[in-house]
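So the protein lines, in turn, are chains A and B.
Read in order, the letters of the first sequence are residues 1 to 113 in the numbering used here.
Read in order, the letters of the second sequence are residues 1001 to 1111 in the numbering used here.
C-beta: ideal position from N, C-alpha, C; glycine also.
From a predicted model like this one, the values you see are computed outputs, not experimental measurements.
Notes to accompany the following structure.
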Amino acid sequence: DSGVTQTPKHLITATGQRVTLRCSPRSGDLSVYWYQQSLDQGLQFLIQYYNGEERAKGNILERFSAQQFPDLHSELNLSSLELGDSALYFCASSVANAGSEAFFGQGTRLTVV
Amino acid sequence: GQQLNQSPQSMFIQEGEDVSMNCTSSSIFNTWLWYKQDPGEGPVLLIALYKAGELTSNGRLTAQFGITRKDSFLNISASIPSDVGIYFCAGQLSNDYKLSFGAGTTVTVRA
């Protein structure tokens, strides 16, 4: 158990809908990263927050947004969902802003039908 | 994002063999991390490297941070069936916050 908690574990929704994925980082970690992993694909970086502030942005679609709350949990919002958004979404956390070990949650498997 | 070239893409190995995989980049990295991912699970951190030339072991796993800071390798000694999975390298630039991942090496062990 990495200490990073992601909910829900599975999510099935229809095209055009909006979903929210939740991540609770390890105790003491201030940094949260979100990654997308499509079938047979590597881990694509979406966005990083550190202590409530956005610190880095990857290839995140405009339909996607995220935030980190004062209690350090983070949410990834995916809207106007398309079939191609079906993927595993992982959250990772680390203690520092950069240059430290990141620990991953179990992921949320999103299926858009 | 930064391009990490991980090789080989896949490998079939005999139980008991030693295997090696590596990651290279055109950029200098501050941190190299190696992860293993089992199907349907999140990546699990195996080894973290922070200094050029650093050699670190975790059981049968050994990883090194290249002297040029542009590469890293991971060795698995005396492979066993539970070594099956996808191994990812990840790196972080000194002036960047995100962790960039290689495409992964899929390891299959022949019993």
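Secondary structure at residue i, three-state DSSP: helix, strand or coil?
| i | result |
| --- | --- |
| Asp85/A | helix |
| Ser27/A | coil |
| Ser74/A | strand |
| Gly1001/B | Low per-residue confidence applies at Gly1001/B: pLDDT is 48, beneath 50, and the placement is therefore not dependable, though the value from the model is reported in the following sentence. Reduced to three states, the DSSP call for Gly1001/B is coil. |
| Asp1071/B | strand |
| Ser1082/B | helix |
| Ile1076/B | strand |
| Lys1098/B | coil |
| Asn1030/B | coil |
| Thr1108/B | strand |
Mind checking residue i: buried by the 16 CB within 10 Å criterion, or exposed?
| i | result |
| --- | --- |
| Thr1105/B | buried |
| Pro8/A | exposed |
| Phe1029/B | buried |
| Phe1065/B | buried |
| Lys57/A | exposed |
| Asn1022/B | buried |
Identify the contact partners of residue i in chain B, using a Cβ-Cβ distance below 8 Å as the criterion.
| i | result |
| --- | --- |
| Gln48/A | Tyr1097 and Lys1098 |
| Ala56/A | Asp1096, Tyr1097 and Lys1098 |
Return the chain-ordered list of same chain residues with a C-beta closer than 6 Å to the C-beta of residue i, the five sequence neighbours on each side being excluded.
| i | result |
| --- | --- |
| Ser65/A | Asn77 |
| Lys1036/B | Val1044, Leu1046, Gly1085 and Tyr1087 |
| Gly1001/B | Low local confidence applies: a pLDDT of 48 at Gly1001/B is under 50, so the model's placement there is unreliable, with the coordinate-based value given in what follows. Around Gly1001/B: Ser1100. |
Closer than 8 Å by beta-carbon distance: list the chain A residues that pair up with residue i, in chain order.
| i | result |
| --- | --- |
| Phe1088/B | Gly42 and Leu43 |
| Gly1102/B | Gly42 |
Using a Cβ-Cβ cut-off of 8 Å (strictly less than) and excluding sequence neighbours within five positions of residue i, which residues of its own chain qualify?
| i | result |
| --- | --- |
| Asn59/A | Gln44, Phe45 and Leu46 |
| Gln37/A | Leu43, Gln44, Ala87, Leu88, Tyr89, Phe90 and Gly107 |
Point to revise | Interface residues of the stretch 86 to 108 of chain A facing chain B [CB-CB below 9 Å] | key: Leu88, Phe90, Cys91, Ala92, Ser94, Asn97, Ala98, Gly99, Ser100, Glu101, Ala102, Phe103, Phe104, Gly105, Gln106 and Gly107
Exercise for review: Can you give me, in chain order, the residues of the stretch 1031 to 1059 of chain B that have a beta carbon less than 9 Å from any beta carbon in chain A?
Suggested key: Thr1031, Leu1033, Tyr1035, Gln1037, Gly1040, Glu1041, Gly1042, Pro1043, Val1044, Leu1045, Ala1048 and Tyr1050
Review point. According to a CB-to-CB cut-off of less than 9 Å, which residues of the stretch 58 to 70 of chain A neighbour chain B?
Key: Gly58 and Asn59
Check your understanding: Mind listing which residues of the stretch 1 to 30 of chain A have their C-beta closer than 9 Å to chain B's C-betas, in chain order?
Key -> Ser2, Val4 and Gln6
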